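Engineer: Once you know that position 45 of the sequence shown is 45 in this note's numbering, the rest is easy, because the numbers rise by one and skip nothing. Beta carbons are placed, not taken as given, at the ideal position from N, Cα and C, and that holds for glycine. Everything numeric in this text was worked out from a predicted model, so none of it was measured.
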Amino acid sequence: TGITALPDNLSVGGYLDLQDCTGITALPDNLSVGGYLDLQDCTGITALPDNLSVGGYLDLRGTGITALPDNLSVGGSLYLRGTGITALPDNLTVGGSLYLDAKRISNIAFRENCGYSSRTIFAAWSDNNFKISAGCFFDTLDKFEQAVDEKYSGSAAEAYKQAGRDCVAELTVKLNKEAA
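1. Quick test of your reading: residue 104 and residue 86, contact by CB under 8 angstroms. State the CB separation rounded to the nearest angstrom.
2. How far does the alpha helix (DSSP H) with residue 66 in it reach, from first residue to last?
3. Which one or two residues does DSSP pair with residue 79 in a beta bridge?
4. Please name the residue in 62, 155, 14 and 129 whose C-alpha comes closest to that of residue 143.
5. Which whole-angstrom value is the C-beta distance of residue 56 and residue 116, which I expect to be below 8 angstroms?
6. Run the CB neighbour count on residue 3, radius 10 Å, all protein chains shown included, and call it buried at 16 or more, exposed below.
7. For the beta strand (DSSP E) containing residue 106, list its first residue and its last residue.
8. Compare the C-alpha of residue 100 against each of 33, 122 and 54 and name the closest.
9. Could you tell me the alpha carbon to alpha carbon distance between residue 83 and residue 160, rounded to whole angstroms?
10. From this set, 80, 95, 62 and 152, which residue's C-alpha is nearest residue 73's C-alpha?
11. Looking at residue 109 and residue 174, is the spacing between their C-beta atoms short of 8 angstroms?
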């Protein structure tokens, strides 16, 4: 499209799909999106505004964004794979899943080849608590262990849960934090 700018204080009740919109180089201050915000392949966007609020998912794949803003709140999933982001902000809120390149993010702890799917799981600090990400799962260690117990049993379950505990223990030291 020929869109090159959005107005300040824009509030969108539904979704805002700007995928492949290369003419926009910045998002307006105080942007609020009730649904999802799709910025995939918006190569001109290199930063997000502070206090950005997205009710649904936020897709940043293929953007030039290298850092997330303070007070970022995402009600759904957050897609960071394929970005230059190397750290998560302390005050990040994510209501859905968190998808990222584990080896690129400095303030997480991860383990590879976990569970039946040999997936990478990681611990991150979000919503003033340690959360575990495993595939589409992103929640507290307690809820992770409950979910594992529903799908695994025996030594496989214990090994998967231990990987989650190890991630949280490593991240606790790395960040010098305790869960709320």
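Structural biologist: Short version:
1. Yes, they are in contact, since the Cβ atoms of residue 104 and residue 86 sit about 6 angstroms apart, within 8 angstroms.
2. Element bounds for residue 66: n/a, residue is neither H nor E.
3. 59 and 99
4. 129
5. Their Cβ separation, rounded to whole angstroms, is 30 angstroms, which puts residue 56 and residue 116 out of contact at 8 angstroms.
6. Exposed, since its Cβ has fewer than 16 Cβ neighbours within 10 Å.
7. No beta strand (DSSP E) holds residue 106; DSSP gives it neither H nor E.
8. 122
9. 28 angstroms
10. 95
11. The Cβ atoms of residue 174 and residue 109 lie closer than 8 angstroms to each other.
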